[in-house]
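Chains as they are written, first to last, in the numbering used here: chain A, 10 to 420; chain B, 10 to 420; chain C, 725 to 1061; chain D, 725 to 1061. Note that beta-carbon positions come from the ideal geometry of N, C-alpha and C, so glycine has one too. As the structure is a computational prediction, the values presented were derived from the model and not from experiment.
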Amino acid sequence: MTSKQNRSKLFVPEPPYRPGDTPDFSHIKIPAEHSPSRPDPMIDAYGTQEQATGLIRVLKLDGTPCGDWDPKLDADTLREGLRHMMLTRCVDERMFSMQRQGKMSFYMKSTGEEAIAVASAMALRPTDMVFPTYRQQGILMARGWPLKELMCQCLSNAGDKLEGRSIPVLYSVRELGFFSISGNLGTQMIQAAGWGMACAYKGTDDIAVAFTGEGATAEGDFYYALNFASTYRAPVILNVVNNQWAISSFQGIAAGQSKSFAARGLAFGLASLRVDGNDFLAVYAAIKWATERARNGGGATVIEHFTYRKEGHSTSDDPTKYRPKSEPDVWPFGDPIDRLASHLVTLGEWDKERHDALHTELTAQVRESYKEAEALGTLASPSKIDPASMFEEVFEDLPAHLRRQRQEMGI
Amino acid sequence: MTSKQNRSKLFVPEPPYRPGDTPDFSHIKIPAEHSPSRPDPMIDAYGTQEQATGLIRVLKLDGTPCGDWDPKLDADTLREGLRHMMLTRCVDERMFSMQRQGKMSFYMKSTGEEAIAVASAMALRPTDMVFPTYRQQGILMARGWPLKELMCQCLSNAGDKLEGRSIPVLYSVRELGFFSISGNLGTQMIQAAGWGMACAYKGTDDIAVAFTGEGATAEGDFYYALNFASTYRAPVILNVVNNQWAISSFQGIAAGQSKSFAARGLAFGLASLRVDGNDFLAVYAAIKWATERARNGGGATVIEHFTYRKEGHSTSDDPTKYRPKSEPDVWPFGDPIDRLASHLVTLGEWDKERHDALHTELTAQVRESYKEAEALGTLASPSKIDPASMFEEVFEDLPAHLRRQRQEMGI
Amino acid sequence: MARMNMIEAIRSALDVKLSQDPDVLIFGEDVGYFGGVFRCTAGLQEKHGLTRVFDTPISEGGIIGAAVGMAAYGLRPVVEIQFSDYIYPGYDQICSEAARLRYRSAGQFTAPLTIRTPVGGGIHGGQTHSQSPEALFTHIAGLKTIIPSNPYDAKGLLIKAIEDNDPVLFLEPKRLYNGLFDGDHNKPAVSWAGHELGEVPEGHYTVNFEKARLLEQGTDLTIIAYGTMVWVAQAAAKAAGINADILDLRSLIPLDLESITKSVNKTGRCLVLHEATRTSGFGAELIAEIQQHCFYALEAPIVRVTGWDTPYPHALEWEYFPGIERVQTAIQTIMEA
Amino acid sequence: MARMNMIEAIRSALDVKLSQDPDVLIFGEDVGYFGGVFRCTAGLQEKHGLTRVFDTPISEGGIIGAAVGMAAYGLRPVVEIQFSDYIYPGYDQICSEAARLRYRSAGQFTAPLTIRTPVGGGIHGGQTHSQSPEALFTHIAGLKTIIPSNPYDAKGLLIKAIEDNDPVLFLEPKRLYNGLFDGDHNKPAVSWAGHELGEVPEGHYTVNFEKARLLEQGTDLTIIAYGTMVWVAQAAAKAAGINADILDLRSLIPLDLESITKSVNKTGRCLVLHEATRTSGFGAELIAEIQQHCFYALEAPIVRVTGWDTPYPHALEWEYFPGIERVQTAIQTIMEA
Ligand SMILES: Cc1ncc(C[n+]2csc(CCOP(=O)(O)OP(=O)(O)O)c2C)c(N)n1
Ligand SMILES: Cc1ncc(C[n+]2csc(CCOP(=O)(O)OP(=O)(O)O)c2C)c(N)n1
Ligand SMILES: [Mg+2]
Ligand SMILES: [Mg+2]
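What follows is the structure, given as structure tokens:
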């Protein structure tokens, strides 16, 4: 802090490594045994300072648990989580390659971030409304959305319940408490706060659960959410998925000189937790903690999930253009699927055979579902969506000017 | 924090007192002798936690100074500050009553908040651009803007350099480093960050200094400013004037459960100070500290000025509609003019006679200036502003469509 | 039947809906205890409670964003934006979210919220307290835009807006709040008490969006206006001694094109009025449709009288405002064409 | 003379200005090291340095707000909004601040910034990667709105925009970036390399805002278009075998009304095209002016062919897009009227 760079030039933060560099993350301290302790969920928000700036973990990299955040889930639940995560990754892979084959216009993977979506969903009640981004498809696996429906949305075909109106991955599944994903980043954070306010107003103990990438925390809507959640003590969980990248921009562009996205919650007097997002148990425990707080009238919690986006931003992106090709491999927090699997192995509840068998089963399931979905058409095949549907649901009823336009179109 | 209000109803914060109540602020702890200490201006931002949540003070209520923030100004400088503050109040009073007489459409006083504007201006260089709100007219006094010009702007008369385009008090004085005030709250915070970035880019050591009310911190622009200032280490001071009220809304509506507006800076890794805004010396010292930091490459500082809006929001407002009439009088932090005056008295550099004489002098000066200004017209008198000027400066050059419209108007 | 000015009519609409429907909530800057800077919500918090009528942070994006979430949940939020000049921080939430939610979710989620906000000049509010931004919203598919010109319509339309299952932008011409204003600023405002449209039922009733109000009937000319300009049209037509159909649109989206074309096909001449800046104002849309549907009936170019394409100036407010004189001149131009 | 596609032409304009003027800065989401999602700034950071071409937080309001401050200081920021569909969080800073600063400060402060942003559909981008929001900006006094249709104009207009002392919104039809697209999506895009407007000087030149380009000359009909629709117009006129004046506006504000009225007064028939939703689109403004200035020359109603008043759907993209067939039908309607 003794440099005088502003006298000579503007400071522009840069990531430590660019293509051609050999990435080395040994400076990132992997916290040892004891992560910040688990306070009572009704603690005064300002008491979560340590939780907001440290890193809450349960699973060590070798798969053994430690610390008081361990939710002590039974083996069946753990295996269920593993299955949802593996299914998510399987679906992602299949859809990615189908996009490459021209079956759909676009796709986005969540590789490396599966624990965040899946553990969150499992820690919530089905009646809690999630306001996801495009990288929480794991929630849909955990809540049991038929794969075929997901795939039909991506294929914009006759089976797409959204009538081909949105690009792939912008799902909407009200019956599973999955809010319609907006293409506009950030907007849903404050909507979730509003939903939470509505839950409170109606006297239910349902809550709202929103997700944003770390990049999109820079939008005003994120702060509106913090502010409204704080002012009205809305029962909402505001999740920031810090996967280090926002397309080609590293997290330092959004973070600036700050060291924790979670700590932005503290500034509004909100409980704040910073969690190892590759640790299924830590994510589960953190969300559970926040739900307890919210349902008991303690208001909102901000949770930063510290993770890494292992793949490109989307099928339109080539990450080797802006970061070293090897960076995902040397990222020091491991893989969420591997980590949960080795935990189960440590418990004596899992082994390589079962893992491979599950993988084979899920791959087959995905292949089957995809076949069924593709039978209903792809973007490349002539659309079976009725053009007249284009004019519907702009309003509840078709107004005169849209009727005239539909007629002009000859239908 | 054990209440369960969200199960039954939405929480809506309310101020402690409403009309009819007897306000009692004895729960507000007036910090004793030692305010948070003055760290080196190049301290790591996270080292300002205590400064961001405590209350930096120099002047005790009895006028004696204490603590290491004391800027040790000489008596002439102190008297100059007093003069500017008293002039500000004098102008405010005059303009308020002239508005009541129908000479202008609107006016806004800064009563009780004069120290913030005046001490800031005196701690800055004339080349530092301020981005004020409508309650920092004290800066114009301190920077020596002729009163007549200020008054002509309020009167929207022939002497108004802004050609009657804006409502009263939205001044713009580029030659005095006073940015054009926007009627839209908040917008200028991020503009100031941009101005600061420009200063750094050009390699000057000028800085930008922005002001917002505590109410308007809820706008996205405030957060854009925090974020951009943090990311690019912009030399900018972001001042939040917490005068407890935003029109009829008490500060708790903007603050929610948070206890410090300054601390929002910390969330972005920015140095943050919380200052007794009725304490001329504390404000001066805090701004000085922040300028040192900014000019030396340390980037932005967020300063909350804790004060109280003694009068109505504007001439359109009657504060007794929403707060006890006596509240301004029992507000426990005193009056900034009185406090600086008694400090000077303590120093043996001031007395009642001189005070009264100064008041008489300033009153006369204001009366004189107003007379001169009024001679150029008031809003009530037929406007001497050329209607053709309405079409000018929309663009640099008059485009064809505006020329046609001007012709249509018959001029 | 009670006598109400426009503020009272709006307040009455809110009161009726708060009383009838527990899912109606009202919030916005200063609308709670204080009752709003224009007093439209005065007394409602006291009557209906703190959690039903409350203040918000100064965050138009937050207000509208929270309302979208609540509306999607199933509530019926009615929010106030203190001046329409300050609606822009909430523009994204209106255009990208409220207006799109039903479509993109194929009806799973909807956003039945009402956004009330004062528009127009005439109170010496200058550039940032005088704007008429309706055309920035009529371009947005999925949004309804309403603007009443009198107490009776204001109440009926507002109740309708709150009950509507689509997001509605409800624009309140602030110069009409306290009395009828016909553009003559030298004359004191005319109290609504003496006007038939100031007679407002106390209870529940609605005014439909689909039908414009035919304020005056004539054969020489069609004048299309909304909000404050309706009364300027009436005064100017009278001053010009012209026999005009004066249509008060009440709703811009949906638009009563049928009444418009019927009238223009009858009169063959048309004048379009609004206070907003001219270029890309809603008048352009009206003209585009009218010239298409009434081309062969038109005997003269359609003329628009509007605010100039400049910010709304403070001192020169009445030079900016499209007042009686300018409207009268335009009437003459059309009649002589 | 070099051959450039539109991306290269835009990049070349930025490169020329970065080289000439140390006060020019470029920033936006992903525009730095990576060079922008459409590659318009590729290589510029490497060539001109980190502090002249850099990434920003995902905050369109912040980007534009910071640019306003810098521009007021005296710099010439050129910012990119990744898709125009995401410009709304910055709408307030554009409309209330950039467009107003000169006026409200009586020229003391100005905001000479350029906002570049891709518009239009045709890349299966769905509702939030396909919008054409120009009309939301042409209504705002104090803002210029430019939209090129080809590489030559893109470079010359962009240099002009950067040098202009007013804020300029520079809309880039993304479907034209890589090649000329005439609306026939079954055919591969036509490379700009073979087109005369793909011949672009390497160095500095400008194209003025004040003059529309007369793309084709004819006597039967005037077609007014801008951006992608210019090429659809050309293809449709050819398919219809019609002899049309095709005007490529290039600039919406300021508008070359003179060329427009001259042409319509000659042909007596007029077709207006845009991809944006119809209601309150810029076509309405064009029609309002044309019917006023060419009333007695018009032999048929002016027709507009536009995007429908719905969000831009993903699967039904080509049913939404106002393609050759719809334009051809409209030409027939006009010619038969
Ligand atoms: C308002 C808005 N601005 C820009 C974009 C374009 N965009 C889409 S994803 C993205 C990056 C988001 O990064 P982050 O929030 O970190 O989420 P991640 O992709 O890493 O999950 C950008 C800039 C958008 N969709 N919406
Ligand atoms: C964007 C915007 N929203 C609302 C307003 C209306 N308004 C003007 S001043 C004010 C209160 C501001 O309170 P605060 O920020 O605390 O400043 P103070 O008046 O106390 O100095 C409001 C709501 C505005 N001018 N701009
Ligand atoms: Mg990210
Ligand atoms: Mg205040």
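Would you identify the three-state DSSP class for residue i, choosing helix, strand or coil?
i	result
P396/A	helix
G793/C	helix
I928/D	Looking at the sequence itself, residue 928/D is His, so the reference to Ile does not match. Coil, per DSSP.
L971/D	strand
S165/A	coil
V21/A	coil
M10/A	Residue confidence is low: M10/A scores 42 on pLDDT, short of 50, so the model does not pin down where it sits. Its coordinate-derived value is still stated next. The answer is coil: DSSP assigns M10/A none of H, G, I, E or B.
I750/D	strand
F259/A	strand
N421/B	Residue 421/B lies beyond the residue range present for chain B, which begins at 10 and ends at 420; the question has no answer from this structure.
L407/A	coil
A442/B	Not covered by the structure: residue 442/B. The range shown for chain B is 10 to 420.
L290/B	helix
F140/B	strand
P801/C	strand
D230/B	helix
T213/A	coil
N248/B	strand
I870/D	strand
F188/B	coil
W340/B	coil
Any idea which residues DSSP pairs residue i with across the strands?
i	result
L1040/D	L1040/D is not bridged to any residue.
D285/A	F315/A
T1001/D	G1031/D
C994/C	T946/C
L938/D	L971/D
L68/B	P74/B
L667/C	Because chain C spans 725 through 1061 in this model, residue 667/C falls outside it and cannot be assessed.
Just the chain D side, please: which residues come within less than 8 Å of residue i by C-beta, in chain order?
i	result
Y284/B	In the sequence as presented, Tyr is not what sits at residue 284/B; that position holds Val. Chain D residues near V284/B: none, gap ~25 Å exceeds 8 Å.
What residues of chain C sit near residue i, judged by a beta carbon separation below 9 Å?
i	result
V218/B	Within chain C, no residue comes near V218/B; the closest Cβ sits about 21 Å away, beyond 9 Å.
When you measure from the CB of residue i to every non-hydrogen atom of ligand 6, does any distance come out below 7 Å?
i	result
W340/B	This structure does not include ligand 6; its bound ligands are ligand 1, ligand 2, ligand 3 and ligand 4.
Find the residues of chain B that neighbour residue i, judging by a C-beta separation of less than 8 Å, and give them in chain order.
i	result
K268/A	Y55, G278
Residue i touches chain C at which residues, Cβ-Cβ below 8 Å?
i	result
F1006/D	S1004
A227/A	Result: empty, since nearest Cβ-Cβ is about 14 Å, beyond 8 Å.
Run down chain D in chain order and give the residues with a C-beta less than 7 Å from the C-beta of residue i.
i	result
K361/A	Here the premise fails: no neighbours, minimum Cβ distance about 40 Å.
Along chain B, which residues have their Cβ under 9 Å away from the Cβ of residue i?
i	result
V375/A	Those within 9 Å of V375/A in chain B number zero; the least Cβ separation is about 40 Å.
T780/C	A227, S258, I262
Scan the segment 158-172 of chain B for residues whose Cβ lies nearer than 8 Å to a Cβ of chain D and list them as they occur along the chain.
K170, L171, E172
What residues in the segment 236-255 of chain B bring their beta carbon closer than 9 Å to a beta carbon of chain A?
N236, F237, A238, S239, T240, Y241, R242, A243, P244
Which residues of the segment 758-774 of chain D have a Cβ closer than 9 Å to any Cβ of chain B? Give them in chain order.
none
At a CB distance below 7 Å, what residues from the segment 395-410 of chain B approach chain C? Give them in sequence order.
P396, M399, F400, V403, H410
Name the residues in the segment 799-833 of chain D whose C-beta lies less than 9 Å from a C-beta of chain B; which are they?
L799, P801, P813, D816, Q817, S820, E821, A823, R824, L825, R826, Y827, R828, S829, A830, G831, Q832, F833
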